[in-house]
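Note sheet for the following structure.
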Amino acid sequence: MLFSKFFSHPPVKDDSDESASLLVKSGGSGERVVPVVEASSSSSRWEEEGVPASGTLEDDEGDSSGRREQSGERFDDVPDSKRRLGLFSAALLIFNRVIGTGIFATPSNILRSSGSVGMALAMWLIGAMIAACGSAVYTELGTGLPRSGGEKNYFEFIYRRPKYIATCIFSIYSVLSNTGTANSVVFSEYLLNALSIPATYFNTRFIAWLCLTFIVLMHGTRLAPWGLRLQNTLGAGKFLVLAAIAFSGLLCLADVPGFRVREGYEMPDNFSSWDKFWEGSKGKGSNAFVSGLYNVIWSFIGYSNANYALSEIKDPVRTIKRAAPLAMCAVTAVYIFINVAYFAAVSKSDILGSKRIVAALFFRNLFGPATERVLSGFIALSTLGNLLAGQFSQGRVVQELGREGIIPFSSKIASSKPFNAPLVAMLVQYSLSCTFLFLVPSGDAYLFMLSFSSYSLNIINTLVAVGLFLLYTRPFKGLHWDPPFKANKAVVGMYLASNLFLLGAPWIPPLPGSRPYRNLPYWSHAAGSFAISLVGIAYWYIWSRWLPSKKGYKLERTVVRMEDGVSRVVFRKVYVAPVVEGGDGEGRVAGEEVAERDGERERVGGYERVPGEVEDEGGVGRRGLRDEGR
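Here you go:
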């Protein structure tokens, strides 16, 4: 009973008539006020923004609204000029985000944990299966709620009570755990190595700062179209180079002249026999297996990256259904064949005994030690592509948080001025990344920051999987969840199990000599990730409960449309108070309401009807929810 009471949802309600009497002209801010919806009358924005009109009425561009509804473009009613990502860009957005530096260094750690070449490859296949499950989960949610923001939208739709708390908690996790600090440092270190420049604390941080600044300029200014082109070019180039590396390894395995291991280096025999293939599998403890599988799963993270920018994707429903599997199939093929290439050219003992990354050993054995600088340059470019894709999507998430009107400075963050790009949202992430870059010292604090980001992401993924299961339970039947693509329940279950595994693994005591920190407890990042949610809860309570109660107002949710044609939410403070004489001698009568919006006050005791100024928000609908009875 308690579960049903907490999660049950009222039916969608048509407030058009009521809203029509609560209209007021906007005062020259570049925004037009659309129907006001009282916050107390519904549970979340998904109940407030209506259902797309049925039929095939022609819109301003002569496009069929029925076609746009089927494509998902009517879900977030942004101008068509905003939708500039096609299938190729969406797939590379995922591919670039998944593949960074892990494939060049992680295979040696996986081999060390598994004990044998066969078990290592089996772990990579398990990781690919889990990634496919995660991709299916996010494809279902993305086709059901095709709007930028990713988990922000899913949590608002599923976890509605207490109202707005999901958005507040997700805001904290999203902003703090998705900085580009770590990868910018990796880019800097590999670039310096490629240029044969000794790495120091100063030049490493300076180049990392230049990298972060470059990304903001490419994605937040007039250069944004070129930023997307560069991002796609790096992604396509990355795939071609990795394919060439994999092909070289297969030629080495086939003993083709010109691709044999050079003299002076140990000849590998990893594929010489079935017994050799599995040699070393026995004797490894469960901790080692957990550690290896943990690293493999994290190597596939990034399959949800296109979900964060769905409002900028053409025909988002059809595109995400094709782009996600296309990208993840490419990632899986690259990972498996690259590992085969490594094991074909480098002996097992060399991989386990050397402190160098396995990719460097591969290039040394096949092409000579002089090619190591070339490899460093390629890894730097791969990391840059990963950063561009990650910060591109994160800028859209922060902008969507601004559009929701809950976080401070929402009007600025939601805006795409002055370059028709999310500059302010990008600057929010840029400022945090630079703060961590220069203020967080190396050592335990830096490692804690990296592990905190990863663990926080896993908490979010777990809540996503649980939420998708909840949508098919009885208390959620009123939402009529019926997306164009549905993941199999077993697939969702496997994804949930993998995330629960990732949640629990860091709490297992590490093996002697493999502690993650020198002075901190090994579980500190896991505890910190859970504790940070308290900051979001505290913000939610102060903003939505304590301040309204203390100052005598209620929050009223209003949707306005900005100059660029994109809508955003404004929360109005509606006061109810007795007559109070102001300094100018004016007062307000008891019971009269005064609304405060964007720092300005205006009387709303009786709104002026403004026929013709009202913009119907029916175009902002909810894909995946059946329209029954309308």
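The sequence shown begins at 0 in numbering that gives the first Met the number 0 and counts up one residue at a time. Cβ coordinates follow ideal geometry from the N, Cα and C atoms, glycine included.
Who are the Cβ neighbours of residue i in its own chain at under 6 Å, not counting the five residues just before and after it?
i      : result
VAL185 : THR100 and THR382
SER455 : TYR172, SER176 and SER528
PHE391 : HIS218
ASP563 : SER415
LYS4   : At LYS4 the pLDDT is 40, less than 50, meaning the model places this residue with poor confidence; the figure from the coordinates comes in the next sentence. Nothing meets the Cβ criterion.
ASN550 : Checking the sequence shown, residue 550 turns out to be Lys, not Asn. Excluding positions up to five away in sequence, the list is empty.
ALA287 : SER112
GLY234 : LEU91, PHE94, ASN95 and GLY384
ASN152 : LEU144 and ARG146
LEU400 : SER170 and ILE406
SER107 : ILE350 and VAL357
ALA486 : ALA135, VAL136 and GLU139
LEU252 : ALA343
PHE164 : One point to set straight first is that residue 164 is Ile, not Phe, in the sequence displayed. Excluding positions up to five away in sequence, the list reads TRP539.
ILE300 : none
Would DSSP call residue i helix, strand or coil?
i      : result
VAL260 : coil
ARG160 : coil
TRP539 : helix
PHE545 : The sequence shown places Trp at residue 545, rather than the Phe named in the question. TRP545 falls in the helix class under three-state DSSP.
TYR454 : helix
PHE276 : helix
SER134 : helix
PRO51  : At PRO51 the pLDDT is 33, less than 50, meaning the model places this residue with poor confidence; the figure from the coordinates comes in the next sentence. Note: PRO51 maps to coil in three-state DSSP.
LEU144 : coil
ARG321 : helix
ILE296 : helix
PHE336 : helix
ILE129 : helix
PRO508 : coil
MET266 : coil
SER39  : Per-residue confidence for SER39 stands at a pLDDT of 34, beneath the threshold of 50, marking its modelled position as unreliable; the derived number appears in the next sentence. Three-state result, SER39: helix.
THR166 : helix
ALA420 : coil
PRO440 : coil
ASN460 : helix
SER115 : coil
SER473 : The residue you asked about is not Ser; residue 473 is Arg in the sequence shown. Looking at ARG473 - three-state DSSP - the assignment turns out to be helix.
TYR521 : coil
LYS550 : helix
LYS347 : helix
TYR494 : helix
SER532 : helix
I'd like the list of long-range same chain contacts for residue i, defined as Cβ closer than 7 Å, with 5 residues on each side in sequence excluded.
i      : result
TYR552 : LYS572, VAL573 and TYR574
GLY149 : SER303, ASN306, TYR307 and VAL396
PRO547 : LYS553 and LEU554
ASN364 : VAL260, ARG261, TYR264, ALA344 and VAL345
SER353 : LEU360
ASN182 : GLY99, THR382, ASN385 and LEU386
LYS320 : THR138, THR142 and PHE484
TRP506 : TRP522 and ALA525
THR341 : Sequence check: residue 341 is Tyr here, not Thr. Correct list, in chain order: PRO106, GLY248, VAL357 and PHE361.
Among the residues of its own chain, which have a CB less than 8 Å from the CB of residue i, if the five just before and after it don't count?
i      : result
ASP75  : PRO145, ARG146, SER147, LEU309, SER310 and VAL619
VAL333 : ILE98, ILE102, PHE238, LEU241, ALA242 and ALA245
TRP225 : MET217
VAL427 : VAL174, VAL397 and ILE412
GLY394 : HIS218, GLY219, PRO421, ALA424, MET425 and GLN428
GLU60  : For GLU60, the predicted model reports a pLDDT of 41, less than 50, meaning its position is unreliable; a value from the coordinates is still stated below. ASP79, listed in sequence order.
What are the residues that DSSP puts in a beta bridge with residue i?
i      : result
ALA555 : Residue identity check: residue 555 is Glu in the sequence provided, not Ala. BP columns for GLU555 point to ARG571.
ILE312 : LEU84
(request) Assess, as a yes-or-no matter, whether the stretch 288 to 295 is touched by the stretch 118 to 137 under the definition of 3 or more beta carbon pairs within less than 8 Å. (result) Judged by pairs of C-beta atoms under 8 Å, the stretch 118 to 137 touches the stretch 288 to 295, as three or more such pairs exist.
(message) I want to know whether the stretch 375 to 392 touches the stretch 123 to 130 - three or more CB-CB distances under 8 Å.
(response) Output reads no: the stretch 123 to 130 does not touch the stretch 375 to 392.
(message) Count Cβ pairs between the stretch 210 to 229 and the stretch 363 to 371 that sit closer than 8 Å; are there 3 or more?
(response) Segment contact: the stretch 210 to 229 against the stretch 363 to 371, fewer than three CB-CB distances shorter than 8 Å; contact not assigned.
(request) Let me know the alpha helix (DSSP H) ranges lying completely inside the stretch 350 to 415, each 4 residues or longer, listed in chain order. (result) Uninterrupted alpha helix (DSSP H) stretches at least 4 residues long and entirely within the stretch 350 to 415 occur at 357 to 366, 371 to 402 and 409 to 413, given in chain order.
(request) For the stretch 195 to 252, list the alpha helix (DSSP H) runs that are entirely contained and at least 4 residues long, ordered along the chain. (result) Counting only runs of 4 or more, we get 200 to 219 and 223 to 252.
(message) Can you confirm whether the stretch 315 to 331 touches the stretch 85 to 96 when touching is taken to mean that 3 or more C-beta pairs between the two stretches lie within less than 8 Å?
(response) The stretch 85 to 96 and the stretch 315 to 331 touch, with no fewer than 3 CB-CB distances between them shorter than 8 Å.
(message) With a threshold of 8 Å, are at least 3 pairs of Cβ atoms found where one atom belongs to the stretch 418 to 434 and the other to the stretch 134 to 143?
(response) At 8 Å Cβ cutoff, the stretches do not touch.
(message) Quick test of the definition: if touching needs 3 or more C-beta pairs under 8 Å, does the stretch 334 to 341 touch the stretch 163 to 170?
(response) No, the stretch 334 to 341 is not in contact with the stretch 163 to 170.
(request) Determine, using beta-carbon pairs with one atom in the stretch 511 to 529 and one in the stretch 441 to 451, whether at least three such pairs fall under 8 Å. (result) Yes, they touch.
(message) Count Cβ pairs between the stretch 187 to 196 and the stretch 555 to 566 that sit closer than 8 Å; are there 3 or more?
(response) The count of Cβ pairs closer than 8 Å, one atom from the stretch 187 to 196 and one from the stretch 555 to 566, stays below three, leaving the stretches out of contact.
(request) Determine, using beta-carbon pairs with one atom in the stretch 126 to 134 and one in the stretch 493 to 503, whether at least three such pairs fall under 8 Å. (result) Yes, they touch.
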